[in-house]
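Mapping the sequence shown onto the numbering used here, position 40 (from 1) lands on 40, and the numbers just tick up by one. Reviewing the structure listed below.
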Amino acid sequence: MRSFQKSALTLSLLALLAAPLAAGAAGDVKVAVASTFTTMDPYDANDTLSQNAVRSFYEGLFRLDRNMKLVPLLAESYTVSDDGLTYTMKLRAGVKFHDGTPFNAAAVKANFDRVTNPDNHLKRYILYKNIAKTEVIDDLTVKFTLHEPFSAFINQLAHPSAAMISPKTLAQGKQAVAFHPVGTGPFIFEEWKATDYMKVKKNPNYWRKGYPKVDSITWIPVVENGTRAAMIQTGEAHFAYPMPFEQVKQLESNPDVKIIKTPSIVNRYMSMNMNVKPFDNIKVRQAINYAINKEALCKVAFNGYAFPSEGSVPKGVEYAVKLGPWPYDPAKARALLKEAGYPNGFSTTLWSAYNHTTAQKVIQFLQQQLAQVGIKARVQALEAGQRVAQVESVQDPKKAGVRLYYIGWSSSTGEADWAIRPLLATEAQPPRMTNTAYYSSPVVDKALRDALNTTDPAKKQAYYKTAQEQIWKDAPWAFLVTEINVAAARKNLSGFYVMPDGGYDFDDLELK
1 MRSFQKSALT LSLLALLAAP LAAGAAGDVK VAVASTFTTM DPYDANDTLS QNAVRSFYEG
61 LFRLDRNMKL VPLLAESYTV SDDGLTYTMK LRAGVKFHDG TPFNAAAVKA NFDRVTNPDN
121 HLKRYILYKN IAKTEVIDDL TVKFTLHEPF SAFINQLAHP SAAMISPKTL AQGKQAVAFH
181 PVGTGPFIFE EWKATDYMKV KKNPNYWRKG YPKVDSITWI PVVENGTRAA MIQTGEAHFA
241 YPMPFEQVKQ LESNPDVKII KTPSIVNRYM SMNMNVKPFD NIKVRQAINY AINKEALCKV
301 AFNGYAFPSE GSVPKGVEYA VKLGPWPYDP AKARALLKEA GYPNGFSTTL WSAYNHTTAQ
361 KVIQFLQQQL AQVGIKARVQ ALEAGQRVAQ VESVQDPKKA GVRLYYIGWS SSTGEADWAI
421 RPLLATEAQP PRMTNTAYYS SPVVDKALRD ALNTTDPAKK QAYYKTAQEQ IWKDAPWAFL
481 VTEINVAAAR KNLSGFYVMP DGGYDFDDLE LK
């Protein structure tokens with residue numbers, strides 16, 4: 001038995017929000033983010049941003065620290081049965097939800113009973129469907145029984161979606177959870193105006209004494225890159241992420257601004273639909289990898305704030321294996337295309353999952369690189385609705401219109417399973433998950449299953465190595481770049497950090 005011990009903003013609103021800051025409202029931190037929030041229900045959110053913001057008022061049993069290492073939060077310790085099917089957890093005593101309800105084993109059970117019920121149709125059901133039952137052992141002890149061994153389970157509980165919501169709020173239904181959230185976190189939800197801002201205020205009864213160190217946070221969605229940068233320049237925001245790479249030097253010249261660069265596990269790649277010609281041919285897929293100058297891509301599209309991918313799982317993720325980068329060799333690419341029966345290249349389409357400035361630069365660069373080896377790609381940056389309809393919701397793989405597809409991913413559990421399985425397992429083909437290459441490898445599927453069925457770290461490493469090596473060999477993607485996180489803050493702000501997966505750590509947030 002193993003154990004783990006304690007261990008798009010309007011100008012009028014912009015002016016409104018800027019005024020208190022200019023007047024010196026030292027306790028209110030204003031954070032400019034890249035898009036609007038979709039919901040305050042972490043179990044029903046697919047976007048990282050919504051899950052970032054709700055961390056201000058929600059907490060889970062575990063979390064990942066700034067280095068993506070597992071640490072206890074509302075759980076203090078756990079044990080695992082020898083067969084890997086049951087996890088028994090001791091909970092933190094003396095914690096209360098913002099509505100005064102005690103946090104206990106019954107609250108944990110209520111939350112996981114809700115997400116594991118398929119009738120609730122929650123977007124994060126797929127993450128937790130392996131939980132067969134959640135049982136209350138006593139007030140501060142809870143037991144999870146799984147359908148089958150799943151060695152990444154604790155990492156899964158550290159995913160930002162695994163938040164503890166007040167049972168009183170759960171009892172009021174889905175709308176209450178989505179719009180009137182109640183958690184145990186350092187801040188209390190105050191107000192959300194969907195396109196304008198979301199504000200949280202200090203929890204005076206927070207279980208960590210001395211925290212939080214600020215009175216409130218106002219989260220402001222600012223879709224336009226330049227506007228976020230301007231807000232930092234003028235002091236209308238204390239923190240902004242992401243920063244437009246091309247404006248970093250200008251921001252660095254401002255004595256009141258600091259640029260924060262942090263490691264990332266945000267992996268950017270271009271999948272190739274292996275169900276259709278010519279991408280069913282491994283030589284074509286290899287040729288496309290050789291055709292792309294990843295070093296130049298980092299400079300042209302990311303202003304140097306990225307580096308060429310070193311494998312299918314980026315470094316920083318547990319059990320990642322370094323296999324590359326894939327070399328740039330256009331002559332080799334042309335030779336492989338000739339061997340594959342395409343001496344004059346071919347025509348295809350290249351879609352992007354995003355339509356922001358950086359993505360536009362990426363797909364234009366890829367289009368030019370592919371053209372140099374004879375591949376003529378028509379490019380299109382998809383709107384969110386198009387992405388859902390044309391890629392994510394396609395029921396029949398044979399009818400999928402996707403060919404080349406530029407997208408990215410980060411493993412918010414910090415472990416290799418969530419970096420591979422949703423993207424490359426046979427079971428992950430749309431609409432279930434995001435295997436847009438329609439890749440299917442018995443070797444990879446078996447290695448993923450074997451890794452989840454063992455709790456031996458050395459065996460897990462070996463299984464994940466087998467999977468990653470097979471993926472690299474089969475080349476269902478063009479392995480592109482891993483980004484570097486770039487944020488900006490006013491110099492009087494400290495304690496706000498962008499984690500490797502793009503999440504936020506603001507436990508020590510302070511305004512001086």
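Backbone N, C-alpha and C fix where the C-beta goes; we use that ideal spot for every residue, glycine too.
Does the Cβ-Cβ distance between residue i and residue j come in under 9 Å?
| i | j | result |
| --- | --- | --- |
| phenylalanine 37 | proline 186 | no |
| alanine 400 | tyrosine 354 | no |
| histidine 238 | valine 29 | yes |
| lysine 109 | threonine 79 | no |
| tyrosine 197 | proline 167 | no |
| isoleucine 217 | methionine 243 | no |
| methionine 164 | alanine 105 | no |
| isoleucine 282 | asparagine 254 | no |
| alanine 381 | tryptophan 418 | no |
| alanine 359 | arginine 228 | no |
Going by CA-CA distance only, name the one from the options that's closest to residue i.
| i | options | result |
| --- | --- | --- |
| threonine 482 | Asp508, Gly311, Val222 | Gly311 |
| threonine 48 | Lys294, Pro102, Ser161, Pro308 | Ser161 |
| lysine 315 | Lys459, Lys332, Pro263 | Pro263 |
| isoleucine 292 | Ala488, Gly408, Gln367, Gly226 | Gln367 |
| lysine 174 | Glu392, Ala34, Thr358, Asn120 | Asn120 |
| phenylalanine 279 | Ala428, Lys202, Val402 | Val402 |
| leucine 85 | Glu469, Leu146, Ala171 | Leu146 |
| histidine 159 | Glu191, Thr184, Asn46 | Asn46 |
| valine 373 | Phe346, Leu448, Ser393, Thr357 | Phe346 |
| glutamine 156 | Ile131, Val313, Lys193, Gly100 | Ile131 |
| arginine 66 | Val200, Phe496, Gln386, Leu511 | Phe496 |
| alanine 32 | Tyr328, Asp417, Gln360, Asn225 | Asn225 |
| serine 50 | Glu190, Ala171, Lys96, Ala194 | Ala194 |
| glutamate 415 | Phe150, Leu251, Thr101 | Phe150 |
| lysine 249 | Val214, Tyr305, Asn289 | Tyr305 |
| valine 362 | Leu297, Gln461, Ala176 | Leu297 |
| leucine 511 | Val214, Phe103, Val95, Pro325 | Val214 |
| glycine 324 | Leu73, Leu74, Ala371, Phe479 | Phe479 |
For residue i, which residues of its own chain have a beta-carbon under 6 Å away from its beta-carbon, when the five flanking residues on both sides are left out?
| i | result |
| --- | --- |
| histidine 98 | Val182, Ile188 |
| aspartate 501 | Ile265, Ser410, Ser412 |
| tyrosine 504 | Asn52 |
| isoleucine 137 | Lys143 |
| asparagine 303 | Phe245, Glu246 |
| alanine 287 | Ala333, Leu336, Leu337 |
| asparagine 485 | Thr262, Ser264, Val498 |
| tyrosine 43 | Val115, Leu122, Arg124, Ser161 |
| lysine 376 | Ser347 |
| threonine 10 | With a pLDDT of 37 at threonine 10, under the threshold of 50, the modelled position of this residue cannot be trusted; read the value that follows with caution. None. |
| proline 212 | Pro186, Lys202 |
| tyrosine 128 | Val115, Thr116 |
| tyrosine 405 | Ser271, Trp351, Thr436 |
Helix, strand or coil for residue i? Go by DSSP, reduced to three states.
| i | result |
| --- | --- |
| phenylalanine 189 | strand |
| tryptophan 219 | strand |
| arginine 432 | coil |
| phenylalanine 302 | helix |
| tryptophan 207 | coil |
| arginine 490 | strand |
| proline 242 | coil |
| alanine 331 | helix |
| lysine 213 | coil |
| valine 481 | strand |
| lysine 69 | coil |
| threonine 134 | strand |
| glutamine 380 | strand |
| isoleucine 375 | strand |
| tyrosine 342 | coil |
Can a CB atom of chain C be found closer than 9 Å to the CB of residue i?
| i | result |
| --- | --- |
| alanine 331 | Checking the listed chains, one finds no chain C in this structure; it contains a single protein chain. |
Quick check: does the Cβ of residue i come within less than 8 Å of any heavy atom belonging to the ligand GDP?
| i | result |
| --- | --- |
| asparagine 205 | In the structure shown, the ligand GDP is absent, as is every other ligand, since no ligand is present at all. |
In chain order, what residues of the same chain lie with their CB nearer than 7 Å to the CB of residue i, ignoring the 5 residues before and after it?
| i | result |
| --- | --- |
| leucine 21 | The pLDDT assigned to leucine 21 is 40, lower than 50, so where the model puts this residue is not dependable; a value taken from the coordinates is nonetheless given after this. Closer than 7 Å at Cβ, skipping near neighbours: Lys30, Gly235, Glu236. |
| glutamine 369 | Ala291, Ile292, Asn293 |
| valine 54 | Met40, Pro42, Ala163, Pro181 |
Looking only at its chain, what residues have a beta carbon closer than 8 Å to the beta carbon of residue i, apart from the 5 residues adjacent to it on each side?
| i | result |
| --- | --- |
| proline 476 | Ser271, Met272, Met274, Arg285, Leu424, Ala437, Tyr439 |
| glutamine 364 | Val379 |
| valine 257 | Ile232, Gln233, Leu251, Ala488, Ala489, Arg490, Lys491 |
| valine 300 | Lys361, Phe365 |
| threonine 434 | Glu392, Ile407, Trp409, Pro422, Leu423, Ala428 |
| leucine 509 | Val29, Pro212, Lys213, Val214, Ile217, Leu493, Ser494, Gly495, Phe496 |
Touching by the beta-carbon criterion (3+ pairs, under 8 Å), the region 90-97 and the region 125-141: With the cut-off at 8 Å, the region 90-97 and the region 125-141 touch.
At least three beta-carbon pairs within less than 8 Å, the region 464-480 to the region 314-326: yes
Three or more C-beta pairs below 8 Å linking the region 436-450 and the region 414-426: yes
Contact between the region 483-497 and the region 224-239 (3+ Cβ pairs under 8 Å): yes
At least three beta-carbon pairs within less than 8 Å, the region 266-274 to the region 202-214: By the C-beta criterion, the region 266-274 is judged not to be in contact with the region 202-214, since fewer than 3 inter-stretch pairs fall below 8 Å.
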